[in-house]
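Engineer:
2 protein chains.
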Amino acid sequence: MSLTTPALAGKLSGLQSSAIRDLLKLTARAEVISLAGGLPDAALMPRERIAAAAEEALRDPSVLQYTESPGWPGLREVLAARESARIGRAVPVEDVFVTHGSQQALSLLSEVLLDPGALVIVEDPAYVGALQVFRAAGARIVAVPLDGDGMRLDLLEDLLAAGERPAVVHTVSNFHNPGGVTLSPARRQRLAELSEAHGFWVIEDDPYGELWFDRPAPAPVASYSPQVIRLSSVSKILAPSLRVGWMTAPDRVCRAVELLKQGADLCGSALTHRIAATLLADTDWLTAHITTVRTTYATRARALVTATRAAFGDRIHCTDATGGMFVWADFTDGTDTATLLPAALDAGVAYVPGAAFAVSDAYRHSMRMCFTTADEATLTEAITRLSPAVG
Amino acid sequence: MSLTTPALAGKLSGLQSSAIRDLLKLTARAEVISLAGGLPDAALMPRERIAAAAEEALRDPSVLQYTESPGWPGLREVLAARESARIGRAVPVEDVFVTHGSQQALSLLSEVLLDPGALVIVEDPAYVGALQVFRAAGARIVAVPLDGDGMRLDLLEDLLAAGERPAVVHTVSNFHNPGGVTLSPARRQRLAELSEAHGFWVIEDDPYGELWFDRPAPAPVASYSPQVIRLSSVSKILAPSLRVGWMTAPDRVCRAVELLKQGADLCGSALTHRIAATLLADTDWLTAHITTVRTTYATRARALVTATRAAFGDRIHCTDATGGMFVWADFTDGTDTATLLPAALDAGVAYVPGAAFAVSDAYRHSMRMCFTTADEATLTEAITRLSPAVG
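Chains A and B are the protein sequences, given in the same order.
Take my numbering: the final residue in the first sequence is number 400, and no numbers are missing along the way.
Take my numbering: the final residue in the second sequence is number 400, and no numbers are missing along the way.
1. Leaving out the 5 sequence neighbours to the left and right, which residues in its chain are closer than 7 Å to residue 307 of chain A when beta-carbon positions are compared?
2. For residue 80 of chain B, report the span of its alpha helix (DSSP H) as first-last.
3. Are any of the Cβ atoms in chain A nearer than 8 Å to that of residue 271 of chain B?
4. Grouping DSSP H, G and I as helix and E and B as strand, with all else coil, what is residue 287 of chain A?
5. Report the residue ranges of all beta strand (DSSP E) runs contained in full by the segment 240 to 265 of chain B; include only those spanning at least 3 residues, in chain order.
6. Where in the segment 128 to 199 of chain B do unbroken runs of the alpha helix (DSSP H), each at least 4 residues long, occur, reported from the N-terminal end onward?
7. For the ligand PLP, any of its heavy atoms closer than 7 Å to the Cβ of residue 383 of chain A?
8. Looking at C-alpha atoms only, which residue of A:335, A:166, A:115 and A:286 is the closest neighbour of residue 258 of chain A?
9. Nearest to residue 362 of chain B by CA position, among B:44, B:103, B:40 and B:38, is which residue?
10. Starting from the beta carbon of residue 52 of chain B, find every residue of chain A whose beta carbon is closer than 9 Å, and list them in chain order.
11. Mind pulling the chain B residues with CB within less than 7 Å of residue 109 of chain A?
12. Consider the Cβ of residue 189 of chain A: report whether some Cβ of chain B lies at a distance smaller than 8 Å.
13. Give the interface partners of residue 56 of chain B over in chain A, defined as CB-CB distance under 9 Å, in chain order.
14. Any contact of the segment 224 to 232 of chain B with the segment 145 to 158 of chain B, i.e. 3+ C-beta pairs under 8 Å?
15. Step through the CB atoms of chain A and report whether any lies within less than 8 Å of the CB of residue 22 of chain B.
16. For residue 77 of chain B, decide whether its Cβ has a neighbour in chain A, counting only Cβ atoms nearer than 8 Å.
17. Comparing the C-beta of residue 118 of chain A with each C-beta of chain B, is any distance below 8 Å?
18. Rounded to the nearest angstrom, what separates residue 107 of chain B and residue 184 of chain B at their Cα positions?
19. Would you decide whether residue 57 of chain B is buried or exposed? Buried here means 16 or more other CB atoms lie within 10 Å of its CB.
20. Decide if residue 279 of chain A is buried, meaning its Cβ has at least 16 other Cβ atoms within 10 Å, or exposed.
21. Are residue 75 of chain A and residue 240 of chain B closer than 8 Å when you measure CB to CB?
22. Give a yes or no on contact between the segment 347 to 364 of chain B and the segment 173 to 183 of chain B, applying the rule of three or more CB pairs nearer than 8 Å.
23. Pairs of beta-carbons, one from the segment 263 to 278 of chain A and one from the segment 297 to 307 of chain B, closer than 8 Å: are there three or more?
24. With three or more C-beta pairs closer than 8 Å as the rule, is the segment 288 to 300 of chain B touching the segment 364 to 382 of chain B?
25. Name, going along the chain, the residues of the segment 280 to 292 of chain B whose beta-carbon falls closer than 7 Å to a beta-carbon of chain A.
26. Using the Cα positions of residue 70 of chain B and residue 394 of chain B, report the straight-line distance between them to the nearest angstrom.
27. Using DSSP's beta-bridge definition, name the partner residues of residue 213 of chain A.
28. Mind listing which residues of the segment 221 to 232 of chain A have their C-beta closer than 8 Å to chain B's C-betas, in chain order?
29. Within this structure, are the beta carbons of residue 349 of chain A and residue 391 of chain A separated by less than 8 Å?
30. Taking 8 Å as the cut-off, decide whether the C-beta atoms of residue 287 of chain A and residue 281 of chain B are in contact.
31. Could you check the C-alpha separation between residue 102 of chain A and residue 329 of chain A for me, to the nearest Å?
32. Keeping to the same chain, check which residues put their C-beta closer than 6 Å to that of residue 179 of chain A; ignore five residues upstream and five downstream.
33. Hey, would you say residue 123 of chain B sits closer than 8 Å to residue 146 of chain B, going by beta carbons?
34. Please state whether DSSP places residue 361 of chain A in a helix, a strand or coil.
35. Strictly below 9 Å CB to CB, what residues from chain B border residue 249 of chain A?
36. Mark residue 66 of chain B as exposed unless 16 or more other C-beta atoms lie within 10 angstroms of its C-beta, in which case mark it buried.
This is the structure in structure tokens:
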């Protein structure tokens, strides 16, 4: 008796347990300061508000029952209002679909939009969770590098001019994971134009947009075209364990995803959907809460960037950390971050080598550092430990 | 811009929005007594216990964070103990995998175990949610009819003797949905033997096993072989909105499912997993709670069966309703249940025609009636309304 080899081998070739995940096991030792994680800070999550919302929700027996596959209707209404304000046009409730975190939206969309061999354009370095599902769908993946303004649209245009016909272009538009950068307004508009001109879907993957430090994120790519599929989530602003992500997309995409969702897991949890709706609808409280999260992260980010630049000077180039959860740093002195890692762990600090996010470029001299879960002194100490390991 | 036609068409051919789902929309009218649903009774769900467990869980900030892909470890421990007792051998925690309802286990298993064209044996009439995912995986589906002792294993043996080599045999072993019957102990043992002899996986899908009315369900098929993959859920004994299902399976199956789960939705909710763990671990309370649910359902089931037999006599054959949520009835007088339905709706009663669950046989004279959400008087009234519609 065996697992059916071809099917499984095919799936798993796209779904290798990520290098990040394996690394995290090594960094769980208490004496290691880990910049390798990618988790929001649980201490900043609104535990008491969630408890109060849960108590209120549980006064109604219907919150325990199965709910509709596209999500508990009250949550979809709150999200439609929220996305309408964000995108700058009325988003009908039918175009809002709640998923089990935005990872499920990526997974279901890849089934709906991609045939084996279809071309998917991703960013380089890439969000690993998206790569996984696109690879599992049998897509052909071509990476376009990031620069300080996000995805290099000139290179995307070169690909299109050369006759490439992507089915999907995936972008983490705000405060990129792992790249730290944000797609510029001019490029957002151009990407939307290209998608309409060439008939590809843009998946605008935006879990970090609310976590801005100096100024709000630019208007979404979706604000330039109703054909853009936009994903977001409460995981980074409220709590991952609500397992509430969502997608705004044209109705025919939502209906196709709905049929797949029925087969995938029937429906989400009316209980956690209702908790999320209560907190998202309380906009005054929510604004204050998110302000606390992002100003805390901003302070941590600045401490990490300052310590990094002070320790390495010209030998490193790192992003400014204008939002989100990550700083991306490139050693300019030839330091190989994968080779460095064992010495770094010995010195008591962990990060993720750039290679873990590489698609075309090897990112051998790069690393991702997460600043969300440690205070400023700890982040500074992490760099103090890393510096002699680099030598 | 269009959805990629071949991929989507392929997926959707296996995932037509089910006849049941469409029908439920028609039966939502308040004046219709619906026996067409398939929901547990929300009024019997332990709302106060869930609220207390939620409050307790939310004292710990870690309950808001991402959790492990195979499930919150505390829940897996409780489930391992529970399944060990049920199956009659020690089930290690590694062999327990928590899914987003047992529908997700079916979906992920179909990806792990099935290549396109692989043979899957299902029961006829079939659980529609399983059919959906097997069809979506491109499986070839052959149905084996049920009789009063569950799946006709003699016919399965005929298929094996004829050279058929199934990858998977799927059975709803206890209080079948929709067929109402339970697989006999002798057939359970034989099915396990056949699976080992012929190298196919058995998926024992058991959401209803605890809802027995007269005597406990027989020992699981999994008790006869460690190769049997067993699925269960809290949806029918606690609440669907916890979205907690689970699978017990050999470690290599669990690890393959784990990789797919990471791509599908990363992880479940530590909050709802912890609530489920608290309630499942309180075995004295749980036993009393389940006793209340099953004795209430038993009373309702008997009222429905009694009314049906009184109204139709020899013109109908219906199951005894020894557990679960459904009665399956066959008209012996030639009544076509699909043709009857509009008249039944006009008379103020709804059921699901057998055709909705048909794989090989048409089940044109059959219907499924759910007895969980109405009291005895209402169930009796439903049959009083149905009787003149049949004529």
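We treat Cβ as the ideally placed atom computed from N, Cα and C, and that holds for glycine.
It should be emphasised that the depicted structure is a prediction, and the values quoted were computed from it without experimental measurement.
Structural biologist: Well, looking at it:
1. Stepping through the first sequence from its first residue, residue 307 of chain A is reached at position 298. Cβ-Cβ distances below 7 Å link residue 307 of chain A to 222 in the same chain, with the five nearest sequence neighbours on each side left out; the list follows chain order.
2. Reading the second sequence from its first residue, position 71 is the one you call residue 80 of chain B. Run containing residue 80 of chain B: none; DSSP gives neither H nor E here.
3. Here residue 271 of chain B corresponds to residue number 262 of the second sequence, with the count starting at 1. So, interface residue.
4. Your numbering for residue 287 of chain A matches position 278 in the first sequence. In the structure shown, residue 287 of chain A sits in a helix (DSSP, three-state: H, G or I).
5. Here the runs fully enclosed are 254 to 257.
6. You should have 137 to 145 and 162 to 170.
7. Among the ligands in the structure shown, none appear at all, so the ligand PLP cannot be discussed.
8. Position 249 of the first sequence, counted from the first residue, corresponds to residue 258 of chain A. Nearest C-alpha to residue 258 of chain A among A:335, A:166, A:115 and A:286: A:115.
9. Along the second sequence, one-based indexing puts residue 362 of chain B at 353. With distances taken between Cα atoms, residue 362 of chain B lies closest to B:44.
10. On the second sequence, position 43 is the one that residue 52 of chain B refers to. Within chain A, the residues placing a beta-carbon under 9 Å from that of residue 52 of chain B are 70, ordered along the chain.
11. Sequence index remark: in the first sequence, residue 109 of chain A carries index 100 (1-based). 109 and 274, listed in chain order.
12. In the first sequence, counting from the first residue as 1, residue 189 of chain A sits at position 180. Not one chain B Cβ lies under 8 Å of residue 189 of chain A.
13. Position 47 of the second sequence, counting from 1, holds the residue named residue 56 of chain B. By Cβ distance, chain A contributes 67, 68, 69, 70, 72 and 73.
14. Contact between the segment 224 to 232 of chain B and the segment 145 to 158 of chain B is absent, with fewer than three C-beta pairs closer than 8 Å.
15. As a working note, residue 22 of chain B is residue 13 in the second sequence. For residue 22 of chain B, the predicted model reports a pLDDT of 45, less than 50, meaning its position is unreliable; a value from the coordinates is still stated below. No, no contact with chain A.
16. Here residue 77 of chain B corresponds to residue number 68 of the second sequence, with the count starting at 1. Taking CB atoms only, residue 77 of chain B has no neighbour in chain A less than 8 Å away.
17. Within the first sequence, numbered from 1, the residue matching residue 118 of chain A stands at position 109. When Cβ-Cβ separations below 8 Å define contact, residue 118 of chain A makes no contact with chain B.
18. In the second sequence, counting from the first residue as 1, residue 107 of chain B sits at position 98. In the second sequence, counting from the first residue as 1, residue 184 of chain B sits at position 175. Pairing residue 107 of chain B with residue 184 of chain B, the inter-Cα distance amounts to about 23 Å.
19. Locating residue 57 of chain B in the second sequence gives position 48, where the first residue counts as 1. When all chains shown are included, residue 57 of chain B counts as exposed.
20. Against the first sequence, residue 279 of chain A aligns to sequence position 270. Buried, because 16 or more other Cβ atoms sit within 10 Å of the Cβ of residue 279 of chain A.
21. Along the first sequence, one-based indexing puts residue 75 of chain A at 66. Along the second sequence, one-based indexing puts residue 240 of chain B at 231. Taking a C-beta distance under 8 Å as the contact criterion, residue 75 of chain A and residue 240 of chain B do not qualify as a contact pair.
22. Contact check between the segment 347 to 364 of chain B and the segment 173 to 183 of chain B: fewer than three CB pairs, one atom from each, fall below 8 Å, which does not count as touching.
23. Contact between the segment 263 to 278 of chain A and the segment 297 to 307 of chain B is absent: fewer than three C-beta pairs spanning the two stretches fall below 8 Å.
24. Cβ pair count under 8 Å is below three, so no.
25. If the cut-off is 7 Å between Cβ atoms, the segment 280 to 292 of chain B has 280 and 281 near chain A.
26. What you label residue 70 of chain B is simply residue 61 of the second sequence in a count that begins at 1. What you label residue 394 of chain B is simply residue 385 of the second sequence in a count that begins at 1. The alpha-carbon atoms of residue 70 of chain B and residue 394 of chain B are separated by roughly 54 Å.
27. Walking along the first sequence from the start, residue 213 of chain A turns up at place 204. Under DSSP, residue 213 of chain A takes part in a beta bridge, and its partners are A:180 and A:239.
28. Per Cβ criterion, the list is empty.
29. In the first sequence, counting from the first residue as 1, residue 349 of chain A sits at position 340. In the first sequence, counting from the first residue as 1, residue 391 of chain A sits at position 382. Here residue 349 of chain A is not near residue 391 of chain A, since their CB atoms are 8 Å or more apart.
30. Within the first sequence, residue 287 of chain A is the residue found at index 278, counting from 1. Within the second sequence, residue 281 of chain B is the residue found at index 272, counting from 1. Cβ distance not < 8 Å, so residue 287 of chain A and residue 281 of chain B don't count as in contact.
31. For this step, residue 102 of chain A is matched to residue 93 along the first sequence. For this step, residue 329 of chain A is matched to residue 320 along the first sequence. Each residue's alpha carbon lies about 37 Å from the other.
32. Position 170 of the first sequence, counted from the start, is the residue given in the question as residue 179 of chain A. Around residue 179 of chain A: 131, 139 and 212.
33. Position 114 of the second sequence holds residue 123 of chain B. Position 137 of the second sequence holds residue 146 of chain B. Cβ atoms of residue 123 of chain B and residue 146 of chain B: closer than 8 Å.
34. Stepping through the first sequence from its first residue, residue 361 of chain A is reached at position 352. Correct three-state label for residue 361 of chain A: strand.
35. What you label residue 249 of chain A is simply residue 240 of the first sequence in a count that begins at 1. Going along chain B in sequence order, the residues near residue 249 of chain A (Cβ under 9 Å) are 73, 74, 75, 76, 275, 276, 278 and 279.
36. By 1-based counting over the second sequence, the position of residue 66 of chain B is 57. Answer is buried; the Cβ neighbour count reaches 16.
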